[in-house]
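Let me begin by presenting the structure, written as structure tokens, before commenting on it.
Number of protein chains: 2
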Amino acid sequence: MLITGASGFVGRPLAEMLLAGGSEVHALSTHHPDGLDESGVHWHHGDLLDPATPARVMADTQPERLVHLAWYTAHGRYWSSPANVEWVEASLRLLRAFAGAGGRRAVLTGSCAEYAWGGEEDLDELDSPLVPRTLYGVCKDGLRRVAGSFAEESGLELAWGRLFFLYGPHERPERLVPAVIRALLAGERVATSAGTQVRDFMHVDDVAGALLAVLQSDVVGALNIASGTGRSVAEMLDLIGALTGASELIDRGARPMSADEPPRIVATVKRLTQEVGFQPSVSLADGFAATIDWWARERA
Amino acid sequence: MLITGASGFVGRPLAEMLLAGGSEVHALSTHHPDGLDESGVHWHHGDLLDPATPARVMADTQPERLVHLAWYTAHGRYWSSPANVEWVEASLRLLRAFAGAGGRRAVLTGSCAEYAWGGEEDLDELDSPLVPRTLYGVCKDGLRRVAGSFAEESGLELAWGRLFFLYGPHERPERLVPAVIRALLAGERVATSAGTQVRDFMHVDDVAGALLAVLQSDVVGALNIASGTGRSVAEMLDLIGALTGASELIDRGARPMSADEPPRIVATVKRLTQEVGFQPSVSLADGFAATIDWWARERA
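Chains as they are written, first to last, in our numbering: chain V, 7 to 306; chain G, 7 to 306.
If you want it as structure tokens, here you go:
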């Protein structure tokens with residue numbers, strides 16, 4: 007099987023799980039040289055934005071299964087960067103090459119940003135309106151529509167995992183959870199919003215586990231990859247404060263809440279739990295404790 | 007300005023109108039060698055499916071305005087061909103190159119196949135659901151979503167003209183109107199369905215005129231390029247029969263109506279007539295008479 011973005015936040019644990027399950031794992035990345043690494047991953051150096059890459063990698067690997075995680079993810083800029091459009095093109099080219107090389111089942115990753123935000127209802131694959139507000143969300147939504155129809159015409163199985171809010175080791179350090187953890191570990195004060203916004207957080211190992219379960223199932227179409235449980239950002243800040251023993255460094259409410267910050271972004275998870283049969287196994291307390299340990303080791 | 011698909015069914019009259027209006031017209035086509043032709047069009051030989059083409063053509067032409075007509079159009083096959091996906095990629099690449107080269111206003115072309123079909127209501131840009139049934143329709147719909155959001159982020163004006171049913175000179179000979187005309191001119195019998203399905207037909211010169219008007223306006227977003235008048239296929243067959251003097255060769259009802267043939271596909275045209283200010287000028291009788299004359303000359 008082939009995995010793109012294998013050296014990224016989600017790709018790293020997913021590749022480990024695939025190897026542990028006995029899969030032959032071919033991984034495409036711009037960050038690794040060609041060759042077999044000590045863990046057993048067959049790396050293929052390549053940039054998916056280069057139009058020649060997909061056909062070459064498919065010829066080299068002939069995968070039956072594909073998990074496509076690679077995308078533009080530069081913190082802050084990814085919401086509105088034109089690179090999102092390039093990744094729509096690159097993802098479609100990849101999927102065509104995969105189908106052309108005899109691929110059978112693909113898992114692509116979308117985002118909760120495909121849904122309309124701002125309501126109080128949990129976001130559901132069947133019932134919730136798809137009105138993305140950002141270029142990132144529109145590109146994921148547009149890719150899903152085209153890729154899904156192409157897969158149907160081609161006899162390819164395609165599942166589309168919509169990721170919500172992730173945390174865990176190797177997250178980009180500028181993002182909320184790592185930024186708070188790093189500051190507290192460094193003994194620095196952190197100014198946050200009131201934190202009343204409610205989000206659906208899942209540890210990256212559970213995200214990878216869910217994607218693996220989806221890959222191994224025969225479920226097709228869009229499904230939420232999330233915990234199904236909403237937590238306020240304030241609750242998470244409290245947890246991080248308690249676990250680091252540095253609660254007093256958090257100046258909660260010192261920063262204004264953005265006017266367009268949606269009050270609630272939480273998934274329904276019936277498809278994931280009942281159709282795929284996946285249950286997350288990392289509690290928020292354990293997950294944050296492990297993540298704080300990881301950042302503490304990174305600092306050392 | 008730059009026009010793609012300039013040697014095609016709609017591109018040909020549009021290029022003529024642009025020249026007549028005094029525009030400097032650069033045309034991209036796989037069917038023409040580079041250079042200025044006798045009509046005044048600057049041709050650029052190039053295939054948009056080649057990833058290198060857009061940047062090269064933009065560097066050569068530096069257009070402020072773009073009309074993108076090129077797409078995969080092979081009769082019968084275009085509904086479900088994977089080439090539709092390639093054209094999504096190619097169109098996004100083109101639009102990025104256009105924006106990157108300082109482009110200001112683009113008109114892209116979609117299709118009535120973006121709408122849900124099967125209802126009795128006229129298809130409206132604001133009110134009608136977008137539930138394309140075919141890969142072709144999904145690809146046009148997906149392209150519109152991504153291109154529209156990219157244009158907003160980039161400060162590019164983008165209008166999206168949804169074409170309905172076209173007829174006129176240079177149409178692909180396998181399609182309904184030319185096929186019937188050619189058979190009748192050849193004295194051959196034609197077996198048709200009962201023809202009760204109602205469609206919105208517009209002469210290709212009016213389609214080109216409407217796109218020119220859209221280009222010259224500042225209207226953005228999706229708008230129907232159509233007559234706003236429904237005609238049954240039976241009515242059109244009668245007209246062609248009368249104009250060729252060969253009505254008796256039409257065996258209407260000899261072929262079954264396809265079970266999934268939508269009863270009515272007709273546009274609302276408020277945006278085109280009121281916001282753009284365009285009125286079609288070719289009546290169905292005049293348009294068919296001229297089209298029959300054109301095919302008669304082609305035969306000679």
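From the three backbone atoms N, C-alpha and C, an ideal C-beta is built for every residue, glycine too.
As the structure is a prediction and not an experimental result, all values here were calculated from the model.
Delimiting residues of the beta strand (DSSP E) encompassing residue i
i       : result
F207(V) : F207 to H209
L34(V)  : H32 to S35
G116(G) : R111 to S117
R71(G)  : R71 to H74
T79(V)  : It is not in any beta strand (DSSP E) - T79(V) carries neither H nor E in the DSSP assignment.
V196(V) : V196 to T198
Within chain G, the residues that residue i reaches when beta carbons sit closer than 8 Å
i      : result
R99(V) : E95
Nearest candidate by alpha-carbon position, reference residue i, set the options
i       : options                               : result
L72(G)  : G293(G), G234(G) and V220(G)          : V220(G)
H81(G)  : L55(G), E127(G) and A185(G)           : A185(G)
W300(G) : L132(G), V137(G), A65(G) and G174(G)  : G174(G)
F171(G) : G236(G), D224(G) and P69(G)           : G236(G)
H51(G)  : Q68(G), L24(G), A12(G) and R83(G)     : A12(G)
G227(G) : G201(G), V113(G), A61(G) and A58(G)   : V113(G)
M263(G) : Y84(G), G41(G), Q203(G) and L218(G)   : Q203(G)
A61(V)  : L42(V), G27(V), V31(V) and G108(V)    : G108(V)
F294(V) : G125(V), L75(V), H209(V) and V31(V)   : H209(V)
R303(G) : L55(G), R188(G), N90(G) and S160(G)   : R188(G)
A165(G) : V152(G), E120(G), P138(G) and V225(G) : V225(G)
T279(V) : S223(V), Y84(V), G116(V) and I271(V)  : S223(V)
S287(V) : R195(V), V213(V), A58(V) and A96(V)   : V213(V)
Q68(G)  : S134(G), M7(G) and Y121(G)            : M7(G)
W85(G)  : C145(G), A153(G), F104(G) and W49(G)  : C145(G)
G116(G) : A296(G), E180(G) and W77(G)           : W77(G)
F207(G) : R168(G), P135(G), E180(G) and A265(G) : R168(G)
V31(V)  : I271(V), W123(V) and L218(V)          : L218(V)
S97(G)  : G234(G), A200(G) and F156(G)          : F156(G)
D53(V)  : A65(V), E22(V), M23(V) and T10(V)     : T10(V)
H37(G)  : G27(G), S29(G) and W49(G)             : W49(G)
L194(G) : T140(G), S253(G) and L141(G)          : Note that residue 194(G) is Glu in the sequence shown, not Leu. Checked all of T140(G), S253(G) and L141(G); the closest Cα to E194(G) is S253(G).
D40(V)  : E177(V), D56(V), V63(V) and G14(V)    : V63(V)
R83(V)  : E180(V), A240(V) and A26(V)           : E180(V)
E281(V) : D292(V), R261(V), E131(V) and S238(V) : E131(V)
A192(V) : L255(V), L20(V), A265(V) and V272(V)  : L255(V)
Presumed contact (8 Å Cβ cut-off) between residue i and residue j, rounded CB distance
i       : j       : result
V47(V)  : A33(V)  : 5 Å
P88(G)  : R102(V) : 6 Å
G148(G) : V94(G)  : 6 Å
D257(G) : T198(G) : 7 Å
F284(V) : A232(V) : Between A232(V) and F284(V) the Cβ distance is about 11 Å, and since that is not below 8 Å, they are no contact.
E159(V) : P138(V) : Rounded, the Cβ-Cβ distance is 24 Å, inconsistent with contact.
L182(V) : L245(V) : Not a contact, Cβ separation roughly 13 Å.
T274(G) : N230(G) : 6 Å
G201(V) : L243(V) : 6 Å
R18(V)  : H176(V) : 6 Å
L25(G)  : S45(G)  : 6 Å
The alpha helix (DSSP H) enclosing residue i, as first and last residue numbers
i       : result
W93(V)  : A89 to G106
A153(G) : L141 to S160
Chain V residues whose Cβ lies nearer than 8 Å to that of residue i
i       : result
R102(G) : P88, V91 and E92
P57(G)  : P57
Under 7 Å from the C-beta of residue i: neighbouring residues of chain V
i       : result
G147(G) : According to the sequence shown, residue 147(G) is Asp rather than Gly. Going along chain V in sequence order, the residues near D147(G) (Cβ under 7 Å) are R151.
F156(G) : P88, V91 and L141
Under 7 Å from the C-beta of residue i: neighbouring residues of chain G
i       : result
V144(V) : R151, V152 and S155
Within chain G, the residues that residue i reaches when beta carbons sit closer than 9 Å
i       : result
S160(V) : P88
Inset, instruction - Can you check the segment 226 to 291 of chain G for any beta strand (DSSP E) of at least 3 residues that lies completely inside it and give the ranges in chain order? - result: Segments of the beta strand (DSSP E) lying fully in the segment 226 to 291 of chain G: 227 to 231 and 256 to 258.
Legend entry - Whole beta strand (DSSP E) elements within the segment 162 to 188 of chain V, 3-residue minimum: The qualifying runs are 163 to 169 and 171 to 173.
Legend entry - Segments assigned beta strand (DSSP E), at least 3 residues, entirely inside the segment 9 to 60 of chain V: 32 to 35 and 48 to 51, all fully within the segment 9 to 60 of chain V.
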